[in-house]
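If you count by our numbering, then the sequence shown holds residues 337 to 1263, one letter each, in order.
In this text, a Cβ means the ideal position worked out from N, Cα and C, and glycines have one as well.
Encoded as structure tokens, the structure appears first; notes follow it.
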Amino acid sequence: MKYLKLLLSLAVMLVSIPISAYKSENITVNVNGQNRSVLVYKPDNMSANLPLMVVTHGMNQNPEYQSEGDLFRDIVDSERFIVAYLRSNGAAWDIGGTGDANFVRSSIDKMSQLYQIDTNRVYWSGFSMGSMLLYHSLALLEDKIAAFAPTSGYMSTEQQWKNLKGQINLIHCHSLSDGVFPIAQYNFINYVTGLAMSNGYTKYQKIENYSNQSATGTKEVWTDENTGKTVALFYYQEGGHWPTVRNRKEIWDFCKRFTLNGQSSAQPAGAQQAHSNLPAGVKSYFGTTPDLKVDGKNLVDPNGRAVTLHGVMDTPSAWFNSGRWSGGIPWADYNDDANIYKCRAYFTKIFEAIANPAKGTYANVFRLHLDPCWLNDNNIRANGFSEWNGKVYDPHGNEVGGEASIYHFSETKLRKYLDALYMPIAEDAIAHGLYVVIRPPGVFPATVVVGDYYNDYLYKVWDIVSNHPIAKKYPGQISLELGNEPVAVYPRGTTNFAWFDNSTSSVLRDFFQPIINKIRTNGYKGILWLPGTGWQANYTSYMWSHPTDNLPDGSYNIGYAVHFYPGWYSTASNDANATRTPQQVLAQFKAQVPVVDYCPVIITEVDWSPKDGNSGHYDEHGNWVTSNMGTWGTGSTSEKSRFGDQFKYVADQLGNVSWTLQGSDLYVDIEKYLANGTVQPAFLDKMRRAGYADAYQACSGSCFQWYYEYACGDKVPMPYGFNSGGSSSGGTGLAPDKECYLVHAASKLIVGKGPNETAAITNPWFCRPVTIRDCGGGYFNIVYREDNGTEKFMTLEGPWNTFFRLDPTTDNAKYTIEGNQYGNFQLKCKANGLLVGSDSNNLDAPLYSDKRGTDSKYFFFFSDVKFNAKERSALDEEDLSTGVENITISPVAAEHFNAAGQRISPDTRGLHIIRRSDGTTVKTIMR
337 MKYLKLLLSL
347 AVMLVSIPIS
357 AYKSENITVN
367 VNGQNRSVLV
377 YKPDNMSANL
387 PLMVVTHGMN
397 QNPEYQSEGD
407 LFRDIVDSER
417 FIVAYLRSNG
427 AAWDIGGTGD
437 ANFVRSSIDK
447 MSQLYQIDTN
457 RVYWSGFSMG
467 SMLLYHSLAL
477 LEDKIAAFAP
487 TSGYMSTEQQ
497 WKNLKGQINL
507 IHCHSLSDGV
517 FPIAQYNFIN
527 YVTGLAMSNG
537 YTKYQKIENY
547 SNQSATGTKE
557 VWTDENTGKT
567 VALFYYQEGG
577 HWPTVRNRKE
587 IWDFCKRFTL
597 NGQSSAQPAG
607 AQQAHSNLPA
617 GVKSYFGTTP
627 DLKVDGKNLV
637 DPNGRAVTLH
647 GVMDTPSAWF
657 NSGRWSGGIP
667 WADYNDDANI
677 YKCRAYFTKI
687 FEAIANPAKG
697 TYANVFRLHL
707 DPCWLNDNNI
717 RANGFSEWNG
727 KVYDPHGNEV
737 GGEASIYHFS
747 ETKLRKYLDA
757 LYMPIAEDAI
767 AHGLYVVIRP
777 PGVFPATVVV
787 GDYYNDYLYK
797 VWDIVSNHPI
807 AKKYPGQISL
817 ELGNEPVAVY
827 PRGTTNFAWF
837 DNSTSSVLRD
847 FFQPIINKIR
857 TNGYKGILWL
867 PGTGWQANYT
877 SYMWSHPTDN
887 LPDGSYNIGY
897 AVHFYPGWYS
907 TASNDANATR
917 TPQQVLAQFK
927 AQVPVVDYCP
937 VIITEVDWSP
947 KDGNSGHYDE
957 HGNWVTSNMG
967 TWGTGSTSEK
977 SRFGDQFKYV
987 ADQLGNVSWT
997 LQGSDLYVDI
1007 EKYLANGTVQ
1017 PAFLDKMRRA
1027 GYADAYQACS
1037 GSCFQWYYEY
1047 ACGDKVPMPY
1057 GFNSGGSSSG
1067 GTGLAPDKEC
1077 YLVHAASKLI
1087 VGKGPNETAA
1097 ITNPWFCRPV
1107 TIRDCGGGYF
1117 NIVYREDNGT
1127 EKFMTLEGPW
1137 NTFFRLDPTT
1147 DNAKYTIEGN
1157 QYGNFQLKCK
1167 ANGLLVGSDS
1177 NNLDAPLYSD
1187 KRGTDSKYFF
1197 FFSDVKFNAK
1207 ERSALDEEDL
1217 STGVENITIS
1227 PVAAEHFNAA
1237 GQRISPDTRG
1247 LHIIRRSDGT
1257 TVKTIMR
């Protein structure tokens, strides 16, 4: 028995070790009658149209050595590409003739023949002499290579790039400690600069202390603003002369942006319209899925960086997907297991279409519907239901049908298809850089009661789902939306279903609390999304009585899932409410969804398109509904005050709102992608035929642009509605005189003026909000206001001290807000060009303006949590002197009472929890 336990323990350990998924093989390529060797690494689950990375190794080296160093093979599965390591013919490459350039060309052709690669996305990276071959072959292979990535080597003459017929995309990575190509003898900086300048790359940017999480150094970028073609140079101190993984992220993130026929991540056609400027908001993740959790009103990653998610929803139902994966048959035989693999293959295509920067798409979240079509069994009759004259009635005596009926729900099928279909789709989505929100089967019946049959049904569904090993494996990537579109929820025991106002009732808490408790008991720790009533449009009851979370560490990992369609929240629908301003819509949204001030929100259903007299769609009952371009909701974007503009304003002003379009085929033209690999906004052709300008009055074209901006915008967004300023961002986007807390990224302590001196310090309770004031030229004053109203300004004094002084006009009092490391930024003083930071994370640590580097002690972020005098006093009186070097102050939704124990209006108060670094609560205060 002990031996068996040991084997089981070892098995668990092996399962928990991350394993890179790839397959390798050696292939032969014939070049001019001579067989040459190529080592190929490809994803574990291959598909057609993958990008190709060609790699050429150094002198006296081989593919095996190179692959052990750069480790491209470890990301071929997660990033979905193939890497081919070419083997030299002897010790060296042919850098004088065309022999090895022909080898590269023939290898690309061979890879296309064997693996059906996307020949529009072929890249080439070389190391040392492999880079010399690359530079030598620029003009010979510019018709084959979308982006070049040489490392640690170059040619000493300019002839190679002078022979180019057009512009190229290239990134050069090099260590300053390279002993084989030392900069004193081989000035690669001047060489790459010359390449860029001679070929018309006129826009220039230089970023000091640049970090890509693998290396820190200097990055210089030259761009032709007309073509989007780019040359970049990244150099750093450490590394020497070795093939190294430190360049892998930089190279791949650069290359995957480009295609042979243009820059894929440039703004799509039509993007010069009104949506080209990135608004205030929080930058999305793209292409990677670090663990996310709830922290106050935001989703944050392990580094505390606030993020939002933008993507699509979809369902494996063949009907919902117009029979695309079932061979045109909308009602496939769901008992036919062969359909499982057709369906999974179809969703792989979906993910390739919606999260593919080489094609211009940047979705980073996918809402997965556990569709009743797979989970119903017509041989099952649920207890308590009845049939009469062909109609089905639930245990309350109400007629139910369609998705609202659980009459035929099969627990057996749920378990089967979680294993065979749904969780494999979820893992596939994660592998494509998508977070996953799982929605339960069907929709709420019109009438439910706390503790009734439907409450028991959801309890059972989430018990099974949250216990699944894949859900537990990815709690930071997979989240659960606990219900879909409740209409009305009644208190326990209700039998008279007259109208009931649950806006000041605890019914939603009572309904979902047992489900939350069960999920947490099962050990699932991921984010839970709670729906509101009124088809997910009313959340006021949660302000009176919200569920508790039962995570072992005491954290609160719950947010709210909202639906948002034209005509809701006083938005425009057709011509109705067209004159409502975005500000009015925002006020209405906050009135109906007040939890957005305390917790993150994800809008799990939204869509819109303008009217089209020649088009429309059938609903699930076969009725012809809204005459539009193919969405459920009718509205437009680019006309003033119409739905799309109103919706986007709400999301961006709040800053903690994520969303998913109602279908993947409302983002991308899926039919066209499946036919020939073309990616374009959905119903683009239909929009043009109807006389609209491209697709930018509908959700498809708008979200093509917006998702790009969130992921790659020219302005780097900062948390809490701030955009980075300074020379690196091309603009600030800062609201004038925005009051906020300035928080030290390393210690999470608030920055302000000390109690008995003017020095800038870090301290959670002696500090006040500051005002970030634009003083022109990309610079800002950090303004501190005394009790008597006197304004003082953060100022460099002497070589390093940072005080609050009266004069805002000196260069010592002006700072740029720049950089972006996990959502945190740096303050750089204009006077000396150095950073503000501390030497420690202790309470009352002074701030100095003489720092260099990327340590988190030199980064900050903004917080919108504000305190009144009474609350600061309460903090002053609290003994926080032991074990609280790190303080976090988190707003949460809660029931609110005054000192007399009377319930007070929740819209004027907010509960904040002050926690120590170990997560224990210091105290709870009201604001």
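**Message:** Among Cys509, Gln496, Gln495 and Asp479, whose alpha-carbon lies nearest the alpha-carbon of Gly489?
**Reply:** Considering only Cys509, Gln496, Gln495 and Asp479, the residue with the shortest C-alpha distance to Gly489 is Cys509.
**Item:** Segment contact, 8 Å Cβ cut-off, at least three pairs: the stretch 932-940 with the stretch 880-900
**Value:** Taking 8 Å as the limit for Cβ pairs, the verdict is that the stretch 880-900 does touch the stretch 932-940.
**Prompt:** Apart from the five residues on each side of it in sequence, which residues of its chain come closer than 6 Å, Cβ to Cβ, to Asn1148?
**Reply:** Exclusion of the five residues before and after Asn1148 leaves Thr1131, Leu1132 and Ala1167 as the residues of its chain whose Cβ lies within less than 6 Å of its Cβ.
**Message:** Under 8 Å, with one C-beta from each stretch per pair, do the stretch 680-700 and the stretch 626-636 reach the 3-pair mark?
**Reply:** Verdict: no, contact absent.
**Message:** What does the alpha-carbon distance come out to for the pair Ser1174 and Ile939?
**Reply:** In a straight line, the C-alpha of Ser1174 is about 39 Å away from that of Ile939.
**Asked** Are there 16 or more other CB atoms within 10 angstroms of the CB of Glu723, so buried, or fewer, so exposed?
**Response** Glu723 counts as exposed, since fewer than 16 other C-beta atoms from the protein chains shown sit within 10 angstroms of its C-beta.
**Asked** Using DSSP with H/G/I as helix, E/B as strand and the rest coil, what is Phe847?
**Response** The answer is helix: DSSP assigns Phe847 an H, G or I state.
**Message:** To the nearest angstrom, how far is the alpha carbon of Leu1179 from that of Thr1126?
**Reply:** Rounded to whole angstroms, Leu1179 to Thr1126 spans 26 Å at the Cα level.
**Request:** Counting only runs of 4+ residues fully inside the stretch 993-1044, write out the alpha helix (DSSP H) ranges in chain order.
**Result:** Counting whole runs of 4 or more residues, the stretch 993-1044 contains the alpha helix (DSSP H) stretches 1006-1012 and 1020-1025.
**At least three beta-carbon pairs within less than 8 Å, the stretch 855-869 to the stretch 804-823** = Judged by Cβ distances under 8 Å, the stretch 855-869 makes contact with the stretch 804-823, as three or more pairs qualify.
**Asked** Which first and last residues belong to the alpha helix (DSSP H) in which His472 is found?
**Response** Unbroken alpha helix (DSSP H) run through His472: Met465 to His472.
**Request:** Take Gly969 and list the residues in its own chain whose beta-carbon comes closer than 6 Å to its own, dropping the five residues that flank it on each side.
**Result:** Excluding residues within five positions, the ones whose Cβ falls inside 6 Å are Tyr901, Pro902, Asp943 and Trp944.
**Prompt:** Under the DSSP definition of a beta bridge, which residues are partnered with Pro918?
**Reply:** For Pro918, which the question treats as bridged, DSSP gives no partner whatsoever.
**Prompt:** Does the Cβ of Met465 have 16 or more other Cβ atoms within 10 Å, making it buried, or fewer, making it exposed?
**Reply:** It counts as buried.
**DSSP beta-bridge partners of Arg1141** = Phe1129, per the DSSP bridge assignment.
**Asked** How is Gln452 classed by DSSP in three states: helix, strand or coil?
**Response** Residue state, collapsed to three classes: coil.
**Request:** Look up Trp724 in the DSSP assignment and give the residues it is bridged to.
**Result:** Its beta-bridge partners are Lys727.
**Item:** Inter-residue spacing [alpha-carbon to alpha-carbon] between Leu1211 and Ala681
**Value:** Residue placement at Leu1211 cannot be trusted, given a pLDDT of 38 that sits under 50; what the coordinates show is reported in the next sentence. Answer to the nearest angstrom: the Cα atoms are 57 Å apart.
**Message:** What does DSSP give as the partner residue(s) for Phe745 in the beta ladder?
**Reply:** Paired residues: Asn712.
**Request:** Can you grab the Cα-Cα spacing for the pair Leu342 / Ile800, in whole Å?
**Result:** A caution first: Leu342 carries a pLDDT of 33, below 50, which makes its placement in the model unreliable, though a value can still be read off. Going from the Cα of Leu342 to the Cα of Ile800 covers about 28 Å.
**Message:** Considering only the alpha carbon of each residue, which of Val929, Ser424, Phe833 and Ala1011 lies closest to Glu400?
**Reply:** Ranking the options by Cα distance to Glu400, first place goes to Ser424.
**Message:** Please classify Met759 as buried or exposed, where buried requires at least 16 other C-beta atoms within 10 Å of its C-beta.
**Reply:** Buried.
**Exposure label - Thr996; buried when at least 16 CB within 10 Å** = Thr996 should be labelled buried.
**Request:** Return the CA-CA distance between Pro486 and Tyr451, expressed in angstroms with no decimal places.
**Result:** Approximately 25 Å, taken between the alpha carbons.
**Asked** So, are the CB atoms of Leu1183 and Ala1081 less than 7 Å apart?
**Response** No; because the gap between Cβ atoms is not below 7 Å, this pair is not in contact.
**Message:** Tell me which residues share the same chain as Asn583 and place their Cβ nearer than 6 Å to its Cβ, disregarding the 5 neighbours each side in the sequence.
**Reply:** Thr487 and Cys509.
**Request:** Give the secondary structure of Met533 by DSSP, where H, G and I count as helix, E and B as strand, and everything else as coil.
**Result:** Residue state, collapsed to three classes: helix.
**Item:** Endpoints, alpha helix (DSSP H) assigned at Glu688
**Value:** Counting along the chain, Glu688 sits inside the alpha helix (DSSP H) bounded by residues Ala674 to Ile690.
**Asked** Are there 16 or more other CB atoms within 10 angstroms of the CB of Lys629, so buried, or fewer, so exposed?
**Response** When all chains shown are included, Lys629 counts as buried.
**Prompt:** At which residue ranges does the stretch 516-595 contain complete alpha helix (DSSP H) runs of 4 or more residues, listed in the order of the chain?
**Reply:** Listed in chain order, the alpha helix (DSSP H) elements of length 4 or more contained wholly in the stretch 516-595 are 524-534 and 584-591.
**Item:** Buried or exposed (CB count within 10 angstroms, at least 16 for buried), Thr1146
**Value:** With fewer than 16 other Cβ atoms within 10 Å, it is exposed.
**Paired residues, beta bridge with Gly1112 - DSSP** = In the DSSP assignment, Gly1112 is bridged to Tyr1115.
**Item:** Ala762, enclosing alpha helix (DSSP H) - first and last residue
**Value:** Taken as a continuous stretch (DSSP letters only), the alpha helix (DSSP H) holding Ala762 covers Met759 to Ala767.
**Request:** State the start and end residues of the unbroken beta strand (DSSP E) segment that holds Gly647.
**Result:** His646 to Asp650 is the span of the beta strand (DSSP E), which, as asked, contains Gly647.
**Message:** DSSP three-state label for Tyr1158, please.
**Reply:** The pLDDT assigned to Tyr1158 is 43, lower than 50, so where the model puts this residue is not dependable; a value taken from the coordinates is nonetheless given after this. Here Tyr1158 sits in coil by DSSP.
**Prompt:** I think Ser461 touches Met389, with their Cβ atoms under 8 Å apart; what is that distance to the nearest whole Å?
**Reply:** Confirmed, Cβ separation roughly 6 Å.
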